[in-house]
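Participant: Chains as they are written, first to last, in the numbering used here: chain A, 1 to 551; chain B, 1 to 163; chain C, 1 to 98.
Built from N, CA and C at the ideal position, the CB exists for glycine as well.
Below: one structure in structure tokens.
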Amino acid sequence: MYQYDQTDHTLTRERVTEYRDQVSRRLDGNISEDDFRPLRLKNGLYMQLHAYMLRVGIPYGMMSSDQLRMLAYIGRKYDKGYGHFTTRQNLQYNWPTLEDTPDILENLASVEMNAIQTSGNVNRNVTSDPLAGVAPDELEDPRPYAEIIRQFLTLHPEFSWLPRKFKVAITGAEDDRAAINVHDIGLKLLKNEAGETGFRVLVGGGLGRSPFIGKVIREFLPKDDLIRYIQAILRVYNMEGRRDNMFKARIKILVHELGIEKFASLVEEEFQASEEDVLFLGQAEEDRIKAFFAAPDYADLSDDSPEVIEMSSGNEAFAQWLERNVLAHKQAGYSIVNLSLKPLGGVPGDITSDQMDAVAGLADTFSFGQIRATHRQNLVLADVAKKDLPSLWQELVDLNLATPNLDRISDIICCPGMDYCSLATARSIPIAKRLSERFADLDTLLNIGEIRLNISGCINACGHHHVGHIGILGVEKNGEEFYQITLGGSSSEDADIGQIIGPAFSSEDIIDAVEKLVGIYISNREDDERFLDTYRRLGKAVFKEALYDAA
Amino acid sequence: MTLLKNGEIVEDTWRNLADDEDISGEESIIVSLDRWQNEPDKFNGRNGALGIRLESHQKPDAIADDVERFDLIALDFPVLPDGRAFSHGRLLRERYGFKGELRAVGKVIQDQLYFMQRCGFDAVELSEGEDVAKSIAALNAFTVAYQPAADDIIPAYKTRHDA
Amino acid sequence: MKMTLRMVTANRLHDGAVVYLAADDDWTRNVESGLAANTEDADKLMTTAEEAVHNQLIVAPYLIDVEVDVQSSRPVRPIRFREQIRAKGPTIFAPAAE
Ligand code: HEM
Ligand code: SF4
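What follows is the structure, encoded as structure tokens:
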């Protein structure tokens, strides 16, 4: 993975120094909360319901074991011994004090991490495919480009006061595990007919109160134009994006209001007017960055592992985990292992400091010392030799990280909701807990298969409910929590915004309603259709009728 | 109000002219874009330096062909979150070739100064209450940068490979 | 007998903790130790709170409705669900606490 050089270190340290001064000015009364708020946000610090919240960036999801150990240490020393992985490859601490945050950032800097631009109206953490570099369906590793973009957008002098937040996601694989369709800019690596590398560029996707699927602005952008083109988009956005209404300030609204043709022509005009060579990185720099993402030193192993075959035949739990949480690797003899942060009755995405330390150790032993955070709030050990799977599984079981539910109904994306978040209209975590308990046995019993269930505690949609196959949105009705269901959404290649199925359910009834929906699917599915496919084939009316009629 | 130019405290010799004030005389005046666009010929042959002030919604392409007529361009930052003038500054310097004083006015606090400088501003009118010494220091808050802009800092992707 | 009164809540600047305005311009972590007032007097509480903002004690104060025990005139609990969660902390166990 990428390693800081002197420049990266200097910049990160200088940022900590600047922030430390900003905090002391705030505590001394030399800056108002109004002026301080955007400054602290640009350093990842929110105020939530009960305390501050600090969001640490994990660029495109990659962490070394030492970095994860530092995250564990910070959780223990400055928080309550845990952290929360988000959908955008960040880790959130729920209980830091303002006074401690400069020290936390200094600790992070010592392991080449930061919280720069993890919040606020700036370019956010660049996210990517958590299986980058190891997935069999990958055309080219997106991480070098993600790193190039990360650097370009970090402390960008022109784009540090954008109309609203700005999120870039990039993938190099067929299967979109980075949700590029619902980002401000989504990039997909491609090759043109001449075999040159480039990107399909999407713009104006996003969730929140007005969800949009991104629109194609360039079918093929040569890779050497990437930074210059991103600059053009951002410049048009910075100058034209709405500043009069915070709810209309995202680029998706600008693209929607102008229309994609008009927006694209503005970007093209700006792109053509900008100097060609200034933003050209140069081959030497591209090579330097690419070298960090070279494949690790794989051993020459056979794809058939007697250890795995033996263990699977005798141990059903292992076999089930193997089938569900372990994915094919492009290298013979290796596997991709998903660590579920969705234990039965747990808080989706939460992990204790002890678990972090243990996972760091497992990464050192089994996966070249690296860990990845996924869009679905899980972790990945990406390079595990097949013969090690039985021993790794045993350790993961002991850590409660082996719940065999990847991409299944209890693999829920869930925002913090009203248990933590000051913007929430309802709680989301308790719904996730109850659903995971309800489906603990049913999942296997009914063989429900792949299903994406996402929960948000308000219309800001941090829990991606719009793009869940089943989405649940917490709302408030007369002071009580209610839950609205959307169906048919997806953030993958078949991306779409889900449709609201009908009136919201009370907290008491929502779990039954989901079970009923699953029942409708089970009794209507053909062959090995997924929930989403059945829904899209039958349409909303069938589900709606069955859901509300029998009630 | 403190004016910093190239990192030093200087006296402000300029005056903002209201749209109904007379432009004759030889003092250094800053006029609005409206004034300029309504009667550009009136400024022909005027003695005394001329400046123009753009609000944050007024894009600099409106004066792209006129930049050599101005000794000063003031760009307004009406509130902290409004960052449009960062783009405007760069365009004036890098695309339209403005060489005179580029001044940031409005809400200007120490935490923006480094970025303003990078976007081509050589003068800043500090907001009331800003600590002047700290503001001057803030111009050097960072010694490295990842991207080129309107200043002469060389971006990391170049310095890394310059032998 | 219970009735509804108003009180001021905010988050403490230095650590973000939930606090309530109490007697003698003090801020308490405990909603039951806070000061409840009728609607007219609530404005006065807000004035005190604004001073605390200026003195770097708290951030973003606002008024909430609370249920008050008439006999002791002590706050019992906030009316809104959101404020009940703020008063008591998350309703789910943090993993480390298990
Ligand atoms: C608890 C503190 C949080 C606050 C105050 C917060 C605030 C917001 C707001 C206001 C939006 C809407 C933005 C818009 O539509 O313009 C939003 C969107 C979003 N947030 Fe959060 N959020 C929080 C936590 C999280 C967490 C925990 C996650 C990940 C699990 C997350 C990920 C996202 C994503 C993915 C979106 C929607 C995608 C988009 O359109 O940008 N946020 N958040
Ligand atoms: S969706 Fe709403 S409740 Fe959930 S984290 Fe985002 S802002 Fe908070």
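With a threshold of 6 angstroms (Cβ to nearest heavy atom), would tyrosine 93 (chain A) be considered close to the ligand HEM?
Facilitator: No.
Participant: Should glycine 106 (chain B) and proline 60 (chain B) be called a contact, given that it needs their Cβ atoms to be closer than 7 angstroms?
Facilitator: The answer is no: Cβ separation not under 7 angstroms.
Participant: Can you determine whether any heavy atom of the ligand HEM sits closer than 6 angstroms to the C-beta of glycine 208 (chain A), and answer yes or no?
Facilitator: Glycine 208 (chain A): yes, Cβ under 6 angstroms from the ligand HEM.
Participant: What first and last residue would you give for the alpha helix (DSSP H) that runs through methionine 356 (chain A)?
Facilitator: Segment 353-366, the alpha helix (DSSP H) holding methionine 356 (chain A).
Participant: Rounding to the nearest angstrom, what Cα-Cα distance links isoleucine 409 (chain A) and glutamine 71 (chain C) in this structure?
Facilitator: So the alpha carbons of these two residues sit roughly 51 angstroms apart.
Participant: Give every residue of the same chain whose Cβ lies closer than 8 angstroms to the Cβ of alanine 96 (chain C), excluding the five residues on either side of it in the sequence, and list them in chain order.
Facilitator: Its pLDDT being 47, under 50, alanine 96 (chain C) is placed unreliably in this model, and the value from its coordinates should be taken loosely. Nothing listed; no residue qualifies.
Participant: Methionine 311 (chain A) lies in the alpha helix (DSSP H); which residues open and close that run?
Facilitator: Here the alpha helix (DSSP H) through methionine 311 (chain A) covers 306-314.
Participant: So which residues on chain A does threonine 91 (chain C) lean against when the C-beta distance must stay under 9 angstroms?
Facilitator: Result: Met418, Asp419, Arg427, Ile429, Pro430.
Participant: With DSSP as the reference, please indicate the residues paired to glycine 479 (chain A) in a beta bridge.
Facilitator: Answer is none; glycine 479 (chain A) lacks a bridge partner.
Participant: For isoleucine 63 (chain B) and isoleucine 485 (chain A), what's the separation of their Cα atoms in angstroms?
Facilitator: Going by the C-alpha atoms only, they are around 53 angstroms apart.
Participant: Counting only C-beta atoms, is phenylalanine 70 (chain B) closer than 7 angstroms to chain A at any point?
Facilitator: Answer no: the Cβ-Cβ gap between phenylalanine 70 (chain B) and chain A never drops below 7 angstroms.
Participant: Kindly identify the DSSP beta-bridge partner or partners of serine 56 (chain B).
Facilitator: Answer by DSSP bridge pairing: none, since serine 56 (chain B) is not bridged.
Participant: Proline 296 (chain A) to aspartate 388 (chain A), Cα distance in whole Å?
Facilitator: Whole-angstrom Cα-Cα distance: 17 angstroms.
Participant: On a CA-only basis, which of A:Tyr548, A:Glu529, A:Arg530 is nearest alanine 504 (chain A)? Give me that one, please.
Facilitator: Comparing Cα-Cα distances from alanine 504 (chain A) to each of A:Tyr548, A:Glu529, A:Arg530, the minimum goes to A:Tyr548.
Participant: Give me the subset of the segment 140-167 of chain A whose CB atoms are less than 9 angstroms from a CB atom of chain B, sorted by chain position.
Facilitator: From the segment 140-167 of chain A, only Ile148, Arg150, Gln151, Phe152, Leu153, Thr154, Leu155, His156, Pro157, Glu158, Phe159, Ser160, Trp161, Leu162, Pro163 have a Cβ closer than 9 angstroms to chain B.
Participant: Give me the chain C residues within the contact set of glycine 479 (chain A), using Cβ-Cβ distance strictly less than 7 angstroms, ordered along the chain.
Facilitator: In chain order: Arg80, Phe81.
Participant: In this structure, how does DSSP classify asparagine 38 (chain C) when only helix, strand and coil are distinguished?
Facilitator: Three-state DSSP puts asparagine 38 (chain C) in coil, outside helix and strand.
Participant: Check serine 135 (chain B) in the structure and name its three-state DSSP category.
Facilitator: Of the three classes helix, strand and coil, the one that applies to serine 135 (chain B) here is helix, per DSSP.
Participant: Can you list the residues of chain A that isoleucine 85 (chain C) reaches, using a CB-CB cut of under 7 angstroms?
Facilitator: The answer, in chain order, is Leu49, Met418, Asp419.
Participant: Looking at the secondary structure, which residues open and close the alpha helix (DSSP H) in which asparagine 107 (chain A) lies?
Facilitator: Here the alpha helix (DSSP H) through asparagine 107 (chain A) covers 101-110.
Participant: Would aspartate 35 (chain A) and leucine 75 (chain B) qualify as a contact pair, given that the criterion is a beta-carbon distance under 7 angstroms?
Facilitator: Cβ atoms of aspartate 35 (chain A) and leucine 75 (chain B): not closer than 7 angstroms.
Participant: Residues in its own chain within less than 6 angstroms of glutamate 98 (chain C) by CB, not counting five upstream and five downstream?
Facilitator: With a pLDDT of 41 at glutamate 98 (chain C), under the threshold of 50, the modelled position of that residue is not reliable, and the figure given next carries that caveat. Excluding residues within five positions, none has a Cβ falling inside 6 angstroms.
Participant: The beta strand (DSSP E) that contains glutamate 67 (chain C), what's its start and end?
Facilitator: Per DSSP, glutamate 67 (chain C) belongs to the beta strand (DSSP E) from 58-69.
Participant: Where do the N-terminal and C-terminal ends of the alpha helix (DSSP H) with lysine 290 (chain A) fall, by residue?
Facilitator: Counting along the chain, the alpha helix (DSSP H) containing lysine 290 (chain A) begins and ends at 283-291.
Participant: Around the C-beta of lysine 215 (chain A), are 16 or more other C-beta atoms found within 10 angstroms, so that it is buried, or is it exposed?
Facilitator: Answer is buried; the Cβ neighbour count reaches 16.
Participant: By Cβ distance below 6 angstroms, which residues in the same chain neighbour isoleucine 185 (chain A) in space, the five residues on each side in sequence not counted?
Facilitator: Excluding residues within five positions, the ones whose Cβ falls inside 6 angstroms are Val168, Val203.
Participant: For leucine 126 (chain B) versus valine 108 (chain B), is the C-beta spacing smaller than 7 angstroms?
Facilitator: Yes, Cβ-Cβ distance for leucine 126 (chain B) and valine 108 (chain B) is below 7 angstroms.
Participant: Hey, leucine 35 (chain C) and alanine 22 (chain C): beta-carbon distance below 7 angstroms or not?
Facilitator: Yes; because the gap between Cβ atoms is below 7 angstroms, this pair is in contact.
Participant: Between which two residues does the alpha helix (DSSP H) containing threonine 17 (chain A) stretch?
Facilitator: Its alpha helix (DSSP H) spans residues 6-28.
Participant: Does lysine 42 (chain B) come out as helix, strand or coil in the three-state DSSP assignment?
Facilitator: Note: lysine 42 (chain B) maps to helix in three-state DSSP.
Participant: Is leucine 423 (chain A) near the ligand HEM, going by C-beta to nearest heavy atom under 6 angstroms?
Facilitator: Checking every heavy atom of the ligand HEM against the Cβ of leucine 423 (chain A), one is found closer than 6 angstroms.
Participant: So is glutamate 28 (chain A) buried or exposed if we call it buried at 16+ other beta carbons inside 10 Å?
Facilitator: As written in the sequence, residue 28 (chain A) is aspartate, which differs from the glutamate given in the question. It counts as exposed.
Participant: Are the beta-carbon atoms of alanine 132 (chain A) and valine 16 (chain A) separated by less than 7 angstroms?
Facilitator: Not a contact, by the Cβ cut-off of 7 angstroms.
Participant: First and last residue of the alpha helix (DSSP H) that includes lysine 262 (chain A)?
Facilitator: Residues 260-273.
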